[in-house]
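Residue numbers (this note's numbering): 476 to 880. All C-beta atoms, glycine included, are put in the ideal place defined by N, C-alpha and C. Please read the structure below before turning to the comments.
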Amino acid sequence: MIRLVPNKYKGLGLNVFCNKCKSQQTEKNACSHKTRWVYKMLIQRNNKRHYAVCKSKDLKDALDELYEFTKQIDSKGKLKINSSPKLKEGVSRYLDKVYNRGEFGSEDSNTSDYNKDCHRVINRFIQSLVLTGYNVDSMRLSDLNETMLAPFYDHLKKHDVKARSTVDRHTRIMRNFLNFLQNRGMYSGANLFKSKKTSAIKPNPISITDDEFSKILESITEENGWGIKGANRNKNYYRKWLPELLMLARHTGIRREELFDLKWSSLVTLPNGRQYFCVKDFKISRQKKEDIFKPVPVTKKVKEILESLPKKSTDNVIPTELQSVGAFNDFISRAFSHFYGVAISKNNKKTFKQLRKSQMTDIKSILGDKAYLASGHTSNAVLDAHYIDRVEMVIKMLELEEDVA
476 MIRLVPNKYK GLGLNVFCNK CKSQQTEKNA CSHKTRWVYK MLIQRNNKRH YAVCKSKDLK
536 DALDELYEFT KQIDSKGKLK INSSPKLKEG VSRYLDKVYN RGEFGSEDSN TSDYNKDCHR
596 VINRFIQSLV LTGYNVDSMR LSDLNETMLA PFYDHLKKHD VKARSTVDRH TRIMRNFLNF
656 LQNRGMYSGA NLFKSKKTSA IKPNPISITD DEFSKILESI TEENGWGIKG ANRNKNYYRK
716 WLPELLMLAR HTGIRREELF DLKWSSLVTL PNGRQYFCVK DFKISRQKKE DIFKPVPVTK
776 KVKEILESLP KKSTDNVIPT ELQSVGAFND FISRAFSHFY GVAISKNNKK TFKQLRKSQM
836 TDIKSILGDK AYLASGHTSN AVLDAHYIDR VEMVIKMLEL EEDVA
């Protein structure tokens with residue numbers, strides 16, 4: 476904990492500054508935001524003032540930093556050049572790595588969602604620095620210190636980033652960011668985020684149960700459609716095509732952008748009369764940088780859904796008024812969450828993505844160790860870690876056993 480500077484050290488150029496109040500702290504004028512206090516150094520030479528923030532929270536170490544800071548100033552009152560790369564340069568280099576750009580262009584790219592996550596987390600870290608009073612344009616990587624951790628996590632809370640798994644993901648990405656800078660020789664300090672503990676055991680993936688899904692479908696009416704988008708904007712999430720679209724999502728396991736692109740012309744009929752959709756796998760296509768397609772079987776349930784649809788007027792299996800995949804993705808996610816809140820609970824809502832977990836769980840309960848072949852994954856490891864609701868899978872297996880008996 477940072478202490479106020481004792482009287483015997485006053486006049487040396489060391490004081491306590493609150494990044495919350497934006498003011499110097501004294502015994503008579505000390506605020507309650509102690510977690511936001513930092514030691515700040517001020518050296519005056521030839522009518523010029525030079526400021527710096529101490530990395531340490533310990534008074535003795537802060538005095539040592541003050542001594543080293545004073546030595547950096549020559550007789551003309553100019554600071555010696557800091558050879559440490561700027562923070563913005565480190566961020567730019569890291570994002571080149573994440574997005575597979577520049578010198579990293581020949582390396583395997585990450586998934587689109589991971590790219591966006593990295594970019595979002597780094598931006599939030601930068602925002603927390605700006606709100607704390609740092610000049611990120613001139614800030615150097617050597618200026619990073621542990622006093623920046625608390626403002627970062629406070630900033631996450633203000634943006635409703637409270638779930639343990641989400642906070643852990645932010646920590647891991649920031650840890651990877653500093654590891655990358657260390658490996659590139661751009662940063663020689665400690666990895667600040669190694670001190671933050673993260674969950675070692677991945678929780679059991681949670682799917683949408685059959686009972687929950689039935690209640691969601693029953694709740695999709697025009698009267699129940701009104702909800703809030705953003706802070707105070709009313710929006711009706713009811714669409715007449717929404718139940719069929721959600722049923723297709725549940726019983727095929729395909730992603731939102733694949734639903735948006737699902738076409739009658741991609742339906743393939745085999746000589747024995749069975750059918751499947753030849754669907755572009757957008758996620759894998761982005762990774763491989765080429766079009767990759769996957770077969771999606773038309774099961775009895777899917778066939779029933781297709782036969783219940785109105786006579787096809789366009790090539791899209793379910794035509795919507797939404798013109799872009801971005802608008803479609805946003806609407807479907809919000810609509811699902813809204814009707815889940817109406818049918819089940821407004822707290823701890825499940826999301827549209829968990830429908831895919833439901834279908835993957837069904838596949839695993841039927842195919843066992845061969846499930847990854849039908850899911851599009853290279854092995855069962857990823858499937859088990861991120862998609863298989865083990866409780867629901869056991870229930871499905873017991874139901875299948877009863878049906879066989």
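Exercise for the section: Look at the Cβ atom of Asn804, then the Cβ atom of Pro626, and state whether they are nearer than 8 Å. Expected result: Here the question's residue 804 lines up with position 329 in the sequence shown. Here the question's residue 626 lines up with position 151 in the sequence shown. No. Outside cutoff.
With Arg725 and Ser833 assumed to form a contact (beta carbons below 8 Å), what rounded beta-carbon distance in angstroms separates them? Counting from one through the sequence shown, the residue named residue 725 turns up at place 250. Counting from one through the sequence shown, the residue named residue 833 turns up at place 358. The Cβ separation is near 6 Å, so the contact holds.
**Request:** Flag this pair as yes or no: are the beta carbons of Leu570 and Arg615 separated by less than 8 Å?
**Result:** Taking the first residue of the sequence shown as position 1, residue 570 is located at position 95. Taking the first residue of the sequence shown as position 1, residue 615 is located at position 140. No, they are not a contact pair.
Return the CA-CA distance between Phe600 and His634, expressed in angstroms with no decimal places.
Against the sequence shown, residue 600 aligns to sequence position 125. Against the sequence shown, residue 634 aligns to sequence position 159. Each residue's Cα considered, the two are about 12 Å apart.
* **DSSP three-state assignment for His508, whether helix, strand or coil** => Looking up residue 508 in the sequence shown gives position 33. In the structure shown, His508 sits in coil (DSSP, three-state: anything other than H, G, I, E or B).
field: Secondary structure of Ile703, DSSP reduced to three states
entry: Counting from one through the sequence shown, the residue named residue 703 turns up at place 228. Three-state result, Ile703: strand.
**Asked** Under the three-state reduction of DSSP, which class applies to Gln798: helix, strand or coil?
**Response** Sequence index remark: in the sequence shown, residue 798 carries index 323 (1-based). The answer is coil: DSSP assigns Gln798 none of H, G, I, E or B.
Between which two residues does the beta strand (DSSP E) harbouring Phe492 extend? Locating residue 492 in the sequence shown gives position 17, counting from the first residue. Taken as a continuous stretch (DSSP letters only), the beta strand (DSSP E) holding Phe492 covers 489 to 493.
As an exercise, report each continuous alpha helix (DSSP H) stretch of at least 4 residues that is fully enclosed by the stretch 499 to 546, in chain order. none
Q. Taking His645 as the reference, which of Tyr589, Ser799, Leu619 has the closest Cα?
A. Looking up residue 645 in the sequence shown gives position 170. Of the listed residues, the one whose Cα sits closest to His645 is Tyr589.
CA-CA distance, Ala527 and Ile695? What you label residue 527 is simply residue 52 of the sequence shown in a count that begins at 1. What you label residue 695 is simply residue 220 of the sequence shown in a count that begins at 1. When rounded, the distance between both Cα atoms is 59 Å.
### Query
So Ile518 and His508 are in contact, right, with Cβ under 8 Å, and what is the actual spacing, rounded?
Here residue 518 is taken as the residue at index 43 of the sequence shown, counted from 1. Here residue 508 is taken as the residue at index 33 of the sequence shown, counted from 1. That belief does not hold up - the Cβ atoms of Ile518 and His508 are roughly 26 Å apart, past 8 Å.
Discussion item. In whole angstroms, give me the CA-to-CA distance for Ser617 and Asp539.
Written reply: Residue 617 sits at position 142 when you count from the first residue of the sequence shown. Residue 539 sits at position 64 when you count from the first residue of the sequence shown. Approximately 16 Å, taken between the alpha carbons.
Margin query: In this structure, how does DSSP classify Phe768 when only helix, strand and coil are distinguished?
Written below: On the sequence shown, residue 768 is found 293 positions in, with the first residue counted as 1. Strand at Phe768.
- Query: For Ile676, does the count of other Cβ atoms within 10 angstroms reach 16, so buried, or fall short, so exposed?
  - Reply: Translated into positions along the sequence shown, residue 676 becomes position 201. For Ile676, the predicted model reports a pLDDT of 46, less than 50, meaning its position is unreliable; a value from the coordinates is still stated below. Classification of Ile676: exposed, given that the 10 Å Cβ count is below 16.
- Query: To which residues of the same chain is Glu732 closer than 7 Å at the C-beta, ignoring the five residues directly before and after it?
  - Reply: Translated into positions along the sequence shown, residue 732 becomes position 257. Excluding positions up to five away in sequence, the list reads Phe757, Val800, Asn804.
*Cβ-based burial, Ile556 [other Cβ within 10 Å; buried from 16]*: Here residue 556 refers to the residue found at position 81 when the sequence shown is read from its first residue. At Ile556, the pLDDT of 46 sits below 50, so the modelled position is not reliable and the matter cannot be decided from this model.
- Message: Between the alpha carbons of Val491 and Leu667, how many angstroms are there, rounded?
- Response: Counting from one through the sequence shown, the residue named residue 491 turns up at place 16. Counting from one through the sequence shown, the residue named residue 667 turns up at place 192. The alpha-carbon atoms of Val491 and Leu667 are separated by roughly 22 Å.
Checklist entry - Helix, strand or coil: which one does DSSP assign to Leu479? => result The residue given as residue 479 occupies position 4 in the sequence shown. The answer is coil: DSSP assigns Leu479 none of H, G, I, E or B.
Pull up the distance between the alpha-carbon of Gln602 and that of Glu782, whole angstroms please.
-> As a working note, residue 602 is residue 127 in the sequence shown. As a working note, residue 782 is residue 307 in the sequence shown. Approximately 51 Å between the Cα atoms of the pair.
### Query
Are the beta-carbon atoms belonging to Phe768 and Val754 less than 8 Å from one another?
As a first step, residue 768 must be located in the sequence shown, where it is residue number 293. As a first step, residue 754 must be located in the sequence shown, where it is residue number 279. Yes; because the gap between Cβ atoms is below 8 Å, this pair is in contact.
| field | Beta-carbon proximity of Val636 to Ile597, cut-off 8 Å | value | Translated into positions along the sequence shown, residue 636 becomes position 161. Translated into positions along the sequence shown, residue 597 becomes position 122. No, the Cβ-Cβ distance between Val636 and Ile597 is not below 8 Å.
- Query: In its own chain, which residues sit with a C-beta less than 7 Å from the C-beta of Asp592, not counting the 5 before and 5 after it?
  - Reply: As a working mapping, residue 592 is identified with position 117 in the sequence shown. Arg644, Ile648.
task = Could you check how far apart the C-beta atoms of Lys828 and Met868 are, in whole angstroms? I think they sit under 8 Å.
result = Sequence index remark: in the sequence shown, residue 828 carries index 353 (1-based). Sequence index remark: in the sequence shown, residue 868 carries index 393 (1-based). Not confirmed; about 18 Å, so no contact.
### Asp844 burial status per 10 Å Cβ neighbour count (16 or more: buried)
Here residue 844 refers to the residue found at position 369 when the sequence shown is read from its first residue. Exposed: under 16 other Cβ atoms inside 10 Å.
Item checked: Closest residue to Ser850 among Ala860, Met835, Ile863 (Cα-Cα distance) -> To locate residue 850, count along the sequence shown from 1; it is residue 375. The option with the nearest alpha carbon to Ser850 is Met835.
### Query
Does the distance from the CB of Tyr712 to the CB of Ala810 come in under 8 Å?
Within the sequence shown, the letter at position 237 stands for residue 712. Within the sequence shown, the letter at position 335 stands for residue 810. Yes, they are a contact pair.
Figure out for me which residue from Thr795, Tyr574, Lys485 has the closest Cα to the Cα of Gln762.
Residue mapping note: residue 762 aligns to position 287 of the sequence shown, counting from 1. The residue with the shortest Cα to Cα distance from Gln762 is Tyr574.
Inset, instruction - With Thr744 as the anchor, note down where its beta strand (DSSP E) starts and where it stops. - result: Your numbering for residue 744 matches position 269 in the sequence shown. That run of the beta strand (DSSP E) goes 742 to 744.
- Task: Note down, in chain order, each residue of its chain lying with its Cβ closer than 7 Å to the Cβ of Trp739, except the 5 sequence neighbours on either side.
- Result: In the sequence shown, the residue the question calls residue 739 occupies position 264. Cβ neighbours of Trp739 beyond the five flanking positions: Lys787, Asp790, Val792.
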